[in-house]
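Since the structure comes first, as structure tokens, the remarks are kept for the end.
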Amino acid sequence: MARTTNRAWQRMLSGRRLDLLNPSPLDVEIGDIAHGLARVSRWNGQTIGDYPFSVAQHSILVLEVFNASSATAKPDEQLYALLHDAPEYVMGDIISPFKAAMGGNYKDIEERILEAIHLRFSLSASRPVKLMRAIKKADKQAAYFEAIHLAGFEADEARRLFGDPLLPEFDLDGFDRLIRPWPTHEAQQRFNKIFEKVSAKVTG
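Letter by letter, the sequence shown follows residues 14 to 217 of this note's numbering.
Here it is as structure tokens:
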């Protein structure tokens, strides 16, 4: 992938400066990711509840769906699932219709950041296609649950957009807790804790 010489810096609370166009794994910190994702709202904030449903909480929900669907998932595969939306800690969660309108440049930048994140945490930048498909299915399943429980969608409409759910809600341990929006600090702490638990088992 060709690299550009232009710079577009984002200063993080850790003190790191991440170049969004040419991101370096050395400038990626999990604390910055958790902080950012816990403050980015899914569905442009159009969800019920006292708190927004954050990308950090969505990432945990996707991991739980992935684990329930892939009982033999390895730690590195689980980490890929948890970090599937990690670039949004600097890019925000742009809804799918806008992504389509923005075209390829947006996706290119997103891919660069995701590659840097994966390398930072001992994951291969070239992601296995089969694994990515399984994570995408879990992502759509999570979106289906969010749509009908939080975003006001009818089940039929959600199915048209995200497909039929692969597993019922009662197959997910603690589903009521997973789908109820958490306060920002709780989402951040939970994301950090799960990352530490999973990443400790990954051998780079």
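Built from N, CA and C at the ideal position, the CB exists for glycine as well.
Does Leu163 come out as helix, strand or coil in the three-state DSSP assignment? Taking the first residue of the sequence shown as 1, we reach residue 163 at position 150. DSSP places Leu163 in coil when its eight states are reduced to three.
Can you check which of these residues, Gln23, Val215 and Glu199, is closest to Leu33 by C-alpha distance? Here residue 33 corresponds to residue number 20 of the sequence shown, with the count starting at 1. The candidate whose alpha carbon is nearest that of Leu33 is Gln23.
Would Ile130 and Val103 be called neighbours here (beta carbons separated by less than 8 Å)? Translated into the one-based positions of the sequence shown, residue 130 becomes position 117. Translated into the one-based positions of the sequence shown, residue 103 becomes position 90. Taking 8 Å as the Cβ cut-off, Ile130 and Val103 do not qualify as a contacting pair.
Decide if Ala21 is buried, meaning its Cβ has at least 16 other Cβ atoms within 10 Å, or exposed. Counted from its first residue, the sequence shown places residue 21 at position 8. With fewer than 16 Cβ atoms within 10 Å of its Cβ, Ala21 is classed as exposed.
What are the residues that DSSP puts in a beta bridge with Asp32? Here residue 32 refers to the residue found at position 19 when the sequence shown is read from its first residue. Note: Asp32 sits in a beta bridge opposite Trp22.
Would you kindly report the start and end of the unbroken alpha helix (DSSP H) that includes Val103? Position 90 of the sequence shown, counted from the start, is the residue given in the question as residue 103. Taken as a continuous stretch (DSSP letters only), the alpha helix (DSSP H) holding Val103 covers Glu101 to Met104.
Nearest to Ala84 by CA position, among Ala164, Arg55 and Ala147, is which residue? Counting from 1 along the sequence shown, the entry for residue 84 is found at position 71. Out of Ala164, Arg55 and Ala147, Ala147 has the C-alpha closest to the C-alpha of Ala84.
Exposed or buried, which one is Gly49 when buried takes at least 16 other CB atoms within 10 Å? Translated into the one-based positions of the sequence shown, residue 49 becomes position 36. So Gly49 counts as buried.
Which one of Glu42, Ser37 and Pro36 has the shortest CA to CA distance from Gly28? Numbered from 1 along the sequence shown, position 15 holds the residue referred to as residue 28. Looking at the Cα atoms, Glu42 is the closest of the given residues.
Measure the CB-CB distance between Val68 and Asp152 and report whether it falls below 8 Å. Translated into the one-based positions of the sequence shown, residue 68 becomes position 55. Translated into the one-based positions of the sequence shown, residue 152 becomes position 139. The answer is no: Cβ separation not under 8 Å.
Pick out the complete alpha helix (DSSP H) segments inside the region 29-76, 4 residues or longer, and give them in chain order. 43-50
Where Ser135 sits in the DSSP three-state scheme: Taking the sequence shown and counting its residues from 1, the one referred to as residue 135 is at position 122. Three-state result, Ser135: coil.
Output the distance between the C-alpha atoms of Gly249 and Ile73, rounded to the nearest integer angstrom. A question about residue 249 goes unanswered here, because the residues of the chain that appear run from 14 up to 217.
Go ahead and pull the three-state DSSP assignment for Ala151. Indexing the sequence shown from 1 puts residue 151 at position 138. Ala151: helix per DSSP, three-state reduction.
Would a C-beta distance cut-off of 8 Å place Val53 and Glu101 closer than the cut-off? Mapped onto the sequence shown, residue 53 falls at position 40. Mapped onto the sequence shown, residue 101 falls at position 88. Taking 8 Å as the Cβ cut-off, Val53 and Glu101 qualify as a contacting pair.
When DSSP labels each residue in this structure, what does Asp98 get in the three-state scheme? As a position in the sequence shown, residue 98 is number 85, starting the count at 1. Looking at Asp98 - three-state DSSP - the assignment turns out to be coil, as it is neither helix nor strand.
Close Cβ partners of Asp184 (< 8 Å) along its chain, the five nearest in sequence each way excluded: Walking along the sequence shown from the start, residue 184 turns up at place 171. Contacts found: Ala81.
Nearest residue (CA-CA) to Asn57, options Ile46, Ile107 and Ser37: As a working mapping, residue 57 is identified with position 44 in the sequence shown. Out of Ile46, Ile107 and Ser37, Ile107 has the C-alpha closest to the C-alpha of Asn57.
Under 8 Å between C-beta atoms of Ser135 and Val215: Translated into the one-based positions of the sequence shown, residue 135 becomes position 122. Translated into the one-based positions of the sequence shown, residue 215 becomes position 202. Closer than 8 Å, so yes.
When the Cα atoms are used, what is the spatial distance from Phe208 to Ala99? Within the sequence shown, numbered from 1, the residue matching residue 208 stands at position 195. Within the sequence shown, numbered from 1, the residue matching residue 99 stands at position 86. Taking the straight line from one Cα to the other gives about 12 Å.
Would you mind sorting Gln59 into buried or exposed? The rule is 16 or more other CB atoms within 10 Å of its CB. As a position in the sequence shown, residue 59 is number 46, starting the count at 1. Gln59 should be labelled exposed.
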